[in-house]
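Participant: Chains as they are written, first to last, in this note's numbering: chain A, 174 to 536; chain B, 174 to 536.
Glycine included, every Cβ here is placed at the ideal spot set by N, Cα and C.
Since this is a predicted model, take the numbers as computed values, not measurements.
Just dropping this structure here.
Number of protein chains: 2
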Amino acid sequence: MASIKDVAAEAGVSVATVSRVLNDHPSVSPDARTRVMAAVQRLGYRPNAVARSLRTDQTRTLGLVISDVLNPYFTELARSVEEEARSLGYSVIIGNADERPEIEDHHVRTLLDRRIDGLLVSPTDGGSPGMLDAARAGTPMVFVDRWIAGVDVPVVRADGRTAVRDLVAHLHGLGHRRLAIIAGPAATTTGSERVEAFREALAAHGLALPDAYIGQGDFQAESGRRATERFLDLAEPPEVVFAADNLMALGALDAVRARGLRVPEDIALAAFDDIPWFVHTDPPITAIAQPTGELGRAAVRALVDRIEGRPPQSVTLPARLVVRRSCGEPPPVRTTPVQPPPEQPTPPEPTPAQQSPVQRSQS
Amino acid sequence: MASIKDVAAEAGVSVATVSRVLNDHPSVSPDARTRVMAAVQRLGYRPNAVARSLRTDQTRTLGLVISDVLNPYFTELARSVEEEARSLGYSVIIGNADERPEIEDHHVRTLLDRRIDGLLVSPTDGGSPGMLDAARAGTPMVFVDRWIAGVDVPVVRADGRTAVRDLVAHLHGLGHRRLAIIAGPAATTTGSERVEAFREALAAHGLALPDAYIGQGDFQAESGRRATERFLDLAEPPEVVFAADNLMALGALDAVRARGLRVPEDIALAAFDDIPWFVHTDPPITAIAQPTGELGRAAVRALVDRIEGRPPQSVTLPARLVVRRSCGEPPPVRTTPVQPPPEQPTPPEPTPAQQSPVQRSQS
DNA sequence: CTGAAAGCGCTTACAG
DNA sequence: CTGAAAGCGCTTACAG
Numbered sequence: 174m175a176s177i178k179d180v181a182a183e184a185g186v187s188v189a190t191v192s193r194v195l196n197d198h199p200s201v202s203p204d205a206r207t208r209v210m211a212a213v214q215r216l217g218y219r220p221n222a223v224a225r226s227l228r229t230d231q232t233r234t235l236g237l238v239i240s241d242v243l244n245p246y247f248t249e250l251a252r253s254v255e256e257e258a259r260s261l262g263y264s265v266i267i268g269n270a271d272e273r274p275e276i277e278d279h280h281v282r283t284l285l286d287r288r289i290d291g292l293l294v295s296p297t298d299g300g301s302p303g304m305l306d307a308a309r310a311g312t313p314m315v316f317v318d319r320w321i322a323g324v325d326v327p328v329v330r331a332d333g334r335t336a337v338r339d340l341v342a343h344l345h346g347l348g349h350r351r352l353a354i355i356a357g358p359a360a361t362t363t364g365s366e367r368v369e370a371f372r373e374a375l376a377a378h379g380l381a382l383p384d385a386y387i388g389q390g391d392f393q394a395e396s397g398r399r400a401t402e403r404f405l406d407l408a409e410p411p412e413v414v415f416a417a418d419n420l421m422a423l424g425a426l427d428a429v430r431a432r433g434l435r436v437p438e439d440i441a442l443a444a445f446d447d448i449p450w451f452v453h454t455d456p457p458i459t460a461i462a463q464p465t466g467e468l469g470r471a472a473v474r475a476l477v478d479r480i481e482g483r484p485p486q487s488v489t490l491p492a493r494l495v496v497r498r499s500c501g502e503p504p505p506v507r508t509t510p511v512q513p514p515p516e517q518p519t520p521p522e523p524t525p526a527q528q529s530p531v532q533r534s535q536s
Numbered sequence: 174m175a176s177i178k179d180v181a182a183e184a185g186v187s188v189a190t191v192s193r194v195l196n197d198h199p200s201v202s203p204d205a206r207t208r209v210m211a212a213v214q215r216l217g218y219r220p221n222a223v224a225r226s227l228r229t230d231q232t233r234t235l236g237l238v239i240s241d242v243l244n245p246y247f248t249e250l251a252r253s254v255e256e257e258a259r260s261l262g263y264s265v266i267i268g269n270a271d272e273r274p275e276i277e278d279h280h281v282r283t284l285l286d287r288r289i290d291g292l293l294v295s296p297t298d299g300g301s302p303g304m305l306d307a308a309r310a311g312t313p314m315v316f317v318d319r320w321i322a323g324v325d326v327p328v329v330r331a332d333g334r335t336a337v338r339d340l341v342a343h344l345h346g347l348g349h350r351r352l353a354i355i356a357g358p359a360a361t362t363t364g365s366e367r368v369e370a371f372r373e374a375l376a377a378h379g380l381a382l383p384d385a386y387i388g389q390g391d392f393q394a395e396s397g398r399r400a401t402e403r404f405l406d407l408a409e410p411p412e413v414v415f416a417a418d419n420l421m422a423l424g425a426l427d428a429v430r431a432r433g434l435r436v437p438e439d440i441a442l443a444a445f446d447d448i449p450w451f452v453h454t455d456p457p458i459t460a461i462a463q464p465t466g467e468l469g470r471a472a473v474r475a476l477v478d479r480i481e482g483r484p485p486q487s488v489t490l491p492a493r494l495v496v497r498r499s500c501g502e503p504p505p506v507r508t509t510p511v512q513p514p515p516e517q518p519t520p521p522e523p524t525p526a527q528q529s530p531v532q533r534s535q536s
């Protein structure tokens, strides 16, 4: 592979001049520039990013450590992160922790060894030692979705409190009184927060959240299945199961189905994190949707601000309830046009008539 | 951040000795080793991978360029690739092309600039110029899932021919005679191959595949929706729609539903690529399942063989049909045990009694 | 505007 | 077994 020396020789200039041309340094004669460009062309030269990084001490690379790539929520997050990073001239290396702190640790260390310019983390259960060390050592870092209390790092996340309140109001309105939740790991903020929001919303309706109605999950499908089985074995099973993420909802659905029960007739189901498939499950699933793409983009902007010396900003965006049929609501009345209506973009701001936070699904 | 010089000073040895200790070079005295390890500990020293890469001309990093991360098939592929790579001591950088050759090109160039040791590619439509150049230039490369004809690169993929034949037999047995397919981009191998396999399988039953029954898709949901609408507008619409990937099946489902039609009563649906959600869609969807994890692992092994100087092997693994209810089959008879049966691992080899290639879904 | 030279943090023949 | 030194491919003050 051609190096900068080869280009210099080919163009009849020094490597310094080649470097200046490549980096758009102003003091280069037009003639030198032309010859260098031509040499670059002829040789198909591409600068060695490894050498450049060693010299400049920056890699223009961001690390993204997420808890589970197989979760569609994180996949979408990863995608928007990469897109925004690319538009700002950064690459991103994704590390998938699979909800396991040791693997999170492995990725954080590897990423740091590669001298990435900054780290975006959605910490697993409690966070791994290496990740905590990095934060303390002052590595440019931003938490997305989940965060660790007491660690001084900007956080970009969705606030589901209002949406959970809307969900509980919806459930209560449908006559449900025994509501259960499948929580994520208590040590993750999204694990505990969603339970707390749920508990508070219940309290507002005079309902309690007994311990037996709190299933302990780990954000994976299998744990949703087990928690649901336990609920169904109760002397007084809940009327509703609210899964704190979409994979545990999948597991819950498996469990309900394995018992030969029906949703929502025998038991209602709702989930945190909306995904395209929820429109087509049997029945369509009521879910709380996060502004995932915007979260990813805001996180990258905060991190790049931090890296480039601007003050980074924590961001909290609202999640919203999307009502479907899995909680017992009759299907929304709809006409069936022969031609589907043209795509209608969501209006940027709700008009007064649309202020209800409860948004009805299009489907 | 501490460098090797700091460690050397702290341990009272030369940087050469530190390097030898770090790389497990045999000729180091026990005493020197001990002092170096202690210094490393005290300083929290981690070798700079960028510097090491520049010096050794290897990054122990693999690039993976996939056509669409949001597609669960590719997400799973990416995950297994990363796992296998990690176990072999490599990191992987994922580039998401979003089915667009320009973006594929961007990622290939960026990855090459970073001097990754090898490239795993699932080429978009026809492949991008940069990717083709890299292949010709002798960059260690392996194609996964899709490949480009005439490019001398090992291919790791699933063969769906048998499964498609099983699918058509299944459909024919259910009485369907007008079968349509939503194809992927003709320039992708998976796009054209699946159509050809389908056509051949139909021919074996004396059925034709008229042009009007070939929808042109791009592996994205929206294209599945449009193709399905076109089918439904036909004077004689098909009885079955077979989508060449899971996202187009989602779109097809959207379209069918928007017309107020039912699956499978009004139209049957099947998909290439099985995903966990297909168990819970309304109705559960009959699909062709690829051995995705094994594909990812085999691809990494082939690439690492190539990188480390061993002869890489192309691998073709069979896909298999998973029958559910979306094509009109009555739900399989099942008892509903109060306790779910214990997890049963799939036997490694089919016994004679199980040789039927058609596998019935567990659900 | 240009080039010679130093140096980023490592590894590795080479000499001892 | 150990260290001094060269060199990987760049960038960038410094001198001219």
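1. Which one of Gly501/B, Phe445/B, Ala222/B and Gln231/B has the shortest CA to CA distance from proline 313/B?
2. May I ask you to verify whether the stretch 433-445 of chain A touches the stretch 404-421 of chain A, counting CB pairs closer than 8 Å and requiring at least 3?
3. Which of helix, strand or coil does DSSP assign to proline 464/B?
4. Quick check on DSSP: helix, strand or coil for valine 429/A?
5. Report, in whole angstroms, the separation of the C-beta atoms of valine 294/A and phenylalanine 316/A, which I expect to be a contact under 8 Å.
6. Assign proline 274/A to one of two classes, buried (16 or more other C-beta atoms within 10 Å of its C-beta) or exposed (fewer than that).
7. Starting from arginine 252/B, follow its DSSP beta bridges and name the residues at the other end.
8. Could you check where the beta strand (DSSP E) with leucine 292/A kicks off and where it finishes?
9. In this structure, how does DSSP classify threonine 363/A when only helix, strand and coil are distinguished?
10. Indicate whether at least one CB of chain A lies closer than 8 Å to the CB of proline 220/B.
11. With DSSP collapsed to three states, give me the class of proline 383/B.
12. Name the DSSP beta bridge partners of asparagine 269/A, please?
13. Give the interface partners of arginine 252/A over in chain B, defined as CB-CB distance under 7 Å, in chain order.
14. Measure the Cβ-Cβ separation of arginine 398/B and aspartate 418/B and say whether it is below 8 Å.
15. Taking DSSP as the reference, what is the three-state secondary structure of aspartate 332/B?
16. Starting from aspartate 286/B, find everything on chain A with Cβ-Cβ shorter than 8 Å and list it in chain order.
17. In angstroms with no decimal places, state the Cα-to-Cα distance between valine 329/B and phenylalanine 247/B.
18. Would you call glycine 185/A buried or exposed, if buried means 16 or more other Cβ atoms sit within 10 Å of its Cβ?
19. For proline 457/A, which option in Leu216/A, Val495/A, Arg403/A and Leu490/A has the closest C-alpha, if you only look at C-alpha atoms?
20. Please determine, among Leu344/A, Arg479/A and Leu216/A, the residue with the shortest C-alpha to C-alpha distance to glycine 311/A.
21. Would you report the Cα separation of leucine 195/B and arginine 287/A, rounded to the nearest angstrom?
22. Quick one: Cα of aspartate 406/B to Cα of arginine 430/B, how far?
23. Quick one: which chain B residues come within Cβ less than 8 Å of serine 264/A?
24. Pop quiz: alanine 224/B and leucine 227/A are said to be a contact at Cβ under 8 Å. What is the actual Cβ separation, rounded to whole angstroms?
25. Contact criterion: CB-CB distance below 8 Å. Does proline 313/B meet it with respect to chain A?
26. Per the contact definition of three or more C-beta pairs closer than 8 Å, is the stretch 259-270 of chain A in contact with the stretch 193-212 of chain A?
27. Should arginine 252/B be labelled buried (16 or more other beta-carbon atoms within 10 Å of its own) or exposed?
28. Do you know offhand how far valine 511/B's Cα is from proline 358/B's?
29. Once you ignore the five residues that flank alanine 472/A on each side, which residues in its own chain have a CB closer than 7 Å to its CB?
30. Using a beta-carbon distance below 8 Å, is glutamate 255/B in contact with chain A?
31. Can you give the beta carbon distance from threonine 454/A to aspartate 446/B, rounded, assuming they're within the 8 Å contact cut?
32. What residues of chain B sit near glutamate 249/A, judged by a beta carbon separation below 7 Å?
33. Going by the DSSP bridge assignment, what does methionine 314/B pair with across the sheet?
34. For the alpha helix (DSSP H) containing phenylalanine 404/A, name the first residue and the last one.
35. Per DSSP, what kind of secondary structure is arginine 493/B in: helix, strand or coil?
36. Are the C-beta of serine 226/B and some C-beta of chain A separated by less than 8 Å?
Facilitator: Concretely, from the data shown:
1. Nearest C-alpha to proline 313/B among Gly501/B, Phe445/B, Ala222/B and Gln231/B: Gln231/B.
2. At 8 Å Cβ cutoff, the stretches touch.
3. When secondary structure is reduced to three states using DSSP, proline 464/B falls in the coil class, being assigned neither helix nor strand.
4. In the three-state reduction of the DSSP assignment, valine 429/A falls in the helix class, which pools H, G and I.
5. Separation of the CB atoms of valine 294/A and phenylalanine 316/A is rounded to 6 Å, and the pair is thereby assigned contact status at 8 Å.
6. Of the residues assessed, proline 274/A falls on the buried side of the cut-off, its CB having 16 or more other CB atoms within 10 angstroms.
7. Looking at the DSSP assignment, arginine 252/B forms no beta bridge with any residue, so it has no partner.
8. Per DSSP, the unbroken beta strand (DSSP E) holding leucine 292/A starts and ends at 291-294.
9. Helix.
10. Using a Cβ-Cβ cut-off of 8 Å, proline 220/B counts as an interface residue toward chain A, since at least one Cβ of chain A sits closer than that to its own.
11. Correct three-state label for proline 383/B: coil.
12. Answer by DSSP bridge pairing, in chain order: Ile239/A.
13. In chain order: Val242, Leu243 and Asn269.
14. Result no, Cβ atoms of arginine 398/B and aspartate 418/B do not sit closer than 8 Å.
15. Correct three-state label for aspartate 332/B: strand.
16. For a Cβ distance threshold of 8 Å, residue set Arg219, Pro220, Asn221 and Ala222 of chain A lies close to aspartate 286/B, ordered along the chain.
17. Their backbone Cα atoms lie some 14 Å apart in a straight line.
18. Taking a 10 Å sphere around the C-beta of glycine 185/A, we find fewer than 16 other C-beta atoms and assign the residue as exposed.
19. In terms of CA proximity to proline 457/A, Val495/A leads the group Leu216/A, Val495/A, Arg403/A and Leu490/A.
20. When each option's Cα is compared against that of glycine 311/A, the closest is Arg479/A.
21. Roughly 17 Å between the two C-alpha positions.
22. Between aspartate 406/B and arginine 430/B, the C-alpha separation is close to 14 Å.
23. The contacting residues are Ile266, Thr283 and Arg287.
24. Contact flag correct, Cβ pair sits at about 5 Å.
25. For proline 313/B, the answer is no, since every Cβ of chain A falls outside 8 Å of its Cβ.
26. No, the stretch 193-212 of chain A is not in contact with the stretch 259-270 of chain A.
27. So arginine 252/B ends up on the buried side.
28. The predicted model places valine 511/B with a pLDDT of 38, which falls under 50 and marks its position as unreliable; any figure quoted below should be read in that light. Looking at the two C-alpha atoms, the distance is approximately 47 Å.
29. These residues qualify, in order along the chain: Val254, Leu293, Val315, Val317 and Val329.
30. For glutamate 255/B, the nearest beta carbon of chain A is closer than 8 Å to its own beta carbon.
31. Contact annotation, threonine 454/A with aspartate 446/B: C-beta distance approximately 18 Å; criterion of less than 8 Å not satisfied.
32. Correct list: Leu243.
33. In the DSSP output, where bridge partners are listed per residue, methionine 314/B has Leu292/B.
34. Taken as a continuous stretch (DSSP letters only), the alpha helix (DSSP H) holding phenylalanine 404/A covers 394-406.
35. Assigned with DSSP and collapsed to three states, arginine 493/B falls in strand.
36. Interface with chain A (8 Å Cβ-Cβ cutoff): serine 226/B is included.
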